[in-house]
Amino acid sequence: MKFEYPGILLALFLLLIPIIIHLVRWKKFKQQIFTNVEFLQDLEIKSRKSRRLKELLVLLSRLLVLAALIIAFAKPYKSSQADLNHIDKSNNIIYLDNSLSLDALNGNTNLWQDFIQDLQQNLPENTSYTLLTNTGIYRNVSRQNLDAVLQQIHLSGQITNHRQNFKKIKYLVENQHNTLNNILYCSDMQNVYNETLNDSILSKENRYYFVVRQQKELQNISIDTILLKAKTFDNLEFILKISANGHRLKSPVTIRQNKEVLWRGFVDFKDSLQQNIMVRIPVKTDLEAVVQVHDKAFQFDNRLYFTFHDKEKYKILVLNTTVPSYLRKIYTPDEFQLDSVPVNKLNFNDLPDYDLVVLTRSKIDETYAGALKKYVSQYGNLLIIPADDETDDLQKLLNHLNIRTQVRLDTAKVFLNKIHYTHPLFKNVFTKRVRNFAYPFVKNHYRFTVTGEWLYQLSDQSPFAQIYKQNGRIFVINTPILPRNTDFEQAASLIVPLFYQIGKARNTAQNLFYITGEKNHWKIKASLKPDETIELTGSDESFVPFQINQYKRIAVTTDELPARAGIYNIMYQNRKIGSVAYNYNRKENLTQYLEIPENEYVHKLTSIKSFVTQQQEFFKSQSLWQWFLSLALLFLLIEMLLIRYWK
Numbered sequence: 109m110k111f112e113y114p115g116i117l118l119a120l121f122l123l124l125i126p127i128i129i130h131l132v133r134w135k136k137f138k139q140q141i142f143t144n145v146e147f148l149q150d151l152e153i154k155s156r157k158s159r160r161l162k163e164l165l166v167l168l169s170r171l172l173v174l175a176a177l178i179i180a181f182a183k184p185y186k187s188s189q190a191d192l193n194h195i196d197k198s199n200n201i202i203y204l205d206n207s208l209s210l211d212a213l214n215g216n217t218n219l220w221q222d223f224i225q226d227l228q229q230n231l232p233e234n235t236s237y238t239l240l241t242n243t244g245i246y247r248n249v250s251r252q253n254l255d256a257v258l259q260q261i262h263l264s265g266q267i268t269n270h271r272q273n274f275k276k277i278k279y280l281v282e283n284q285h286n287t288l289n290n291i292l293y294c295s296d297m298q299n300v301y302n303e304t305l306n307d308s309i310l311s312k313e314n315r316y317y318f319v320v321r322q323q324k325e326l327q328n329i330s331i332d333t334i335l336l337k338a339k340t341f342d343n344l345e346f347i348l349k350i351s352a353n354g355h356r357l358k359s360p361v362t363i364r365q366n367k368e369v370l371w372r373g374f375v376d377f378k379d380s381l382q383q384n385i386m387v388r389i390p391v392k393t394d395l396e397a398v399v400q401v402h403d404k405a406f407q408f409d410n411r412l413y414f415t416f417h418d419k420e421k422y423k424i425l426v427l428n429t430t431v432p433s434y435l436r437k438i439y440t441p442d443e444f445q446l447d448s449v450p451v452n453k454l455n456f457n458d459l460p461d462y463d464l465v466v467l468t469r470s471k472i473d474e475t476y477a478g479a480l481k482k483y484v485s486q487y488g489n490l491l492i493i494p495a496d497d498e499t500d501d502l503q504k505l506l507n508h509l510n511i512r513t514q515v516r517l518d519t520a521k522v523f524l525n526k527i528h529y530t531h532p533l534f535k536n537v538f539t540k541r542v543r544n545f546a547y548p549f550v551k552n553h554y555r556f557t558v559t560g561e562w563l564y565q566l567s568d569q570s571p572f573a574q575i576y577k578q579n580g581r582i583f584v585i586n587t588p589i590l591p592r593n594t595d596f597e598q599a600a601s602l603i604v605p606l607f608y609q610i611g612k613a614r615n616t617a618q619n620l621f622y623i624t625g626e627k628n629h630w631k632i633k634a635s636l637k638p639d640e641t642i643e644l645t646g647s648d649e650s651f652v653p654f655q656i657n658q659y660k661r662i663a664v665t666t667d668e669l670p671a672r673a674g675i676y677n678i679m680y681q682n683r684k685i686g687s688v689a690y691n692y693n694r695k696e697n698l699t700q701y702l703e704i705p706e707n708e709y710v711h712k713l714t715s716i717k718s719f720v721t722q723q724q725e726f727f728k729s730q731s732l733w734q735w736f737l738s739l740a741l742l743f744l745l746i747e748m749l750l751i752r753y754w755k
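109 is the number of the first residue of the sequence shown in this note's numbering; add one for each residue after it.
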């Protein structure tokens, strides 16, 4: 117990005064002699003992009244938990989950709006906070400015990573002494990454308060994706994939471009929770549309935006009068424009227009080798397929192309027995890994002292096909593809994926849509000056993405932006040159939640108000003067009862 005015306690010495007075004024009884002395002596002794006991009790009660009053005026109090733990101040960190799963409806509002209102109504004044969301950190925000900050934050397509959040919080609170770190964690605890929380993530030095709001029994319909199946003369055929988390759900489905309805249908999940719907839309040069369903659960997965632009054919130039037959079979006219020209008749100005240049002989003049070097520096792709007995010529060509390696011919027979399945060039190409296939043989092949990224590998660990990356890419096949040297041409499951993917490696065709919050790469054909840029413009936001001018092509990378789903126009000098669609990640509509551990420094609360109450109690000292005032009144009452009723 401590006192607010400890000096007043000196008044307790005044209690000695009534004790001294009582002792001085203590009266003695004089002895009187009467008849029947024995009887009168007994009565006198009993009366004297009773009176002295009464006076002592009255004196004690008066002393206690005075003592209780003096202590009450000294303002006694019990130390707060903060004082007992030597805590001088608190550091309040609020994590506010703004992922799309908070879009779930809760009555007339969603979970996100509930959290915002709870924070605005219950957080106390004269306190500062550090606010952490999936999209930003706001340090030392005063309570007066917090409302304005909350109004600026919107739901984001970035998926919540709880372990990453607690690592950020750990960084924010480190090196703070005599400080209580209060972490208020407001989330639905959606567990997309199958995480767990333990002592390695939650520090015992901090106090964690979880305010969790969930909608576990949502009846949700989700538009998962749309795929292009075929393009005919009249129609575009798509496969629309829609799912639900409960039977008996149904909804109309529409596809619109602006206000025009392109297709209308209906989905009913009475038999299956997955539906694949065939959609036919009249052919349009530039399709910019949105698919829409209706439900009362998650709202972000009710729309899916997509675009389709008539892509140009991939242009491939073979520097030879004769095009190998296997290339003609792979580069068919429906997707590719395959041209050929002798090396000595090559027009250098035509090279940048081609997506791939194929060189079937290594022996070329230095002038033409210099032209190919410039083509690669302008982000062009070159494929080298050497002929027989060209060791020296291949060495010179690679040197001209700034590939510093030594080349030698190996005549040992080997087999092609390894595929780089995880290489980005083969993404979504091989559906399964073949273990036992008929390995193509290779009799003569070139070996390099410095190799690039291998695509196919031979049994002697040397590459069969490899990539040297510069501005563009140089693909090198290390053996002549001739029937007398290898049967690789007959292995359709190997030769087709390799050359088909190489032909599309400089792909400028966009996907139907991309995902917000992820790293996306796409290209668009455009001729820009070195200091010029393109801009992405949507209905709610505009920004200049990261871009590389690749000579008549612009390679674009988007990451954190755009933040909102929609169709974005690609603008150059205030002129639209294309469009691209972005959608939110559908993983946020999974109803699986992270389990919160139970221990002494983790608290599960139902509201922000409970958090505020606990914080106030932790720093609040308990006043005791009311108790001592009550004791004074009690002892005064006892004194009055003693005087009144003790005869």
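C-beta atoms are modelled at their ideal positions from N, C-alpha and C, and glycine is treated no differently.
If only complete runs of 3 or more residues are kept, the stretch 361-419 shows the beta strand (DSSP E) at 368-376, 382-390, 394-400, 411-417, in order along the chain. Going by DSSP, residue 501 is part of the alpha helix (DSSP H) stretching over 499-508. Taking the CA atoms as reference points, residue 596 sits about 5 Å from residue 548.
Under a 10 Å Cβ-count criterion, residue 696 is classified as buried, with 16 or more other Cβ atoms of the shown protein chains found around its own Cβ.
Distance from residue 688 to residue 608 at the Cβ level is roughly 25 Å; contact not present, criterion being Cβ atoms closer than 8 Å. Residue 488 is classed as buried because its beta carbon has at least 16 other beta carbons within 10 Å across all chains shown.
Burial check for residue 341: the Cβ neighbour count within 10 Å stays below 16, so the residue is exposed. In terms of Cα proximity to residue 359, the closest of 255, 702, 260, 329 is 329. DSSP places residue 553 within a strand segment (E or B) once states are collapsed to three. For residue 326, the secondary structure class from DSSP, reduced to helix, strand or coil, is coil.
Distance between residue 216 and residue 404, taken at the CA atoms: about 10 Å. Residue 487 carries a coil assignment under DSSP once its states are collapsed to helix, strand and coil.
Between residue 701 and residue 265, the CB-CB gap reaches or exceeds 7 Å. Inter-residue distance for residue 213 and residue 443 is about 46 Å (C-alpha atoms, whole angstroms). In the structure shown, the three-state DSSP call for residue 679 is strand. From the listed residues 221, 554, 469, 656, the smallest Cα separation to residue 255 is found for 221.
For residue 661, the uninterrupted beta strand (DSSP E) run begins and ends at 661-666, by DSSP. With a minimum length of 4 residues, the unbroken runs of alpha helix (DSSP H) contained wholly in the stretch 597-633 fall at 600-611. Rounded to whole angstroms, the gap between the alpha carbons of residue 614 and residue 464 is 8 Å.
In the DSSP assignment, residue 562 falls within the unbroken beta strand (DSSP E) covering 561-566. Closest option to residue 554, judged by alpha-carbon separation, among 579, 493, 432, 541: 493.
Looking at the DSSP output, residue 345 shares a beta bridge with 338, 388. DSSP, reduced to helix, strand and coil, places residue 571 within a strand of the structure shown. With respect to residue 291, residue 314 sits close: the two C-beta atoms are nearer than 7 Å.
Counting of Cβ neighbours within 10 angstroms places residue 682 among the exposed residues, the total staying below 16.
Take residue 585, set aside five residues on each side of it, and the residues of its chain with a beta-carbon closer than 6 Å to its own are 493, 573, in chain order.
Residue 212 carries a coil assignment under DSSP once its states are collapsed to helix, strand and coil. When the beta-carbon positions are compared, residue 396 and residue 662 stay at least 7 Å from each other.
The criterion of a C-beta distance shorter than 7 Å is satisfied by residue 165 and residue 750. In the three-state DSSP reduction, residue 198 falls in the strand class (E or B). Between residue 296 and residue 716, the C-beta spacing is not below 7 Å. Beta-bridge analysis with DSSP links residue 445 to 423.
The residues 526, 571, 572, in chain order, have a CB closer than 7 Å to that of residue 565 in the same chain once the five nearest residues on each side in sequence are set aside. In the DSSP assignment, residue 533 falls outside any beta strand (DSSP E) and carries neither an H nor an E. Within a 10 Å sphere around the beta-carbon of residue 754 sit fewer than 16 other beta-carbons, which makes this residue exposed. No Cβ-Cβ contact shorter than 7 Å links residue 604 with residue 424.
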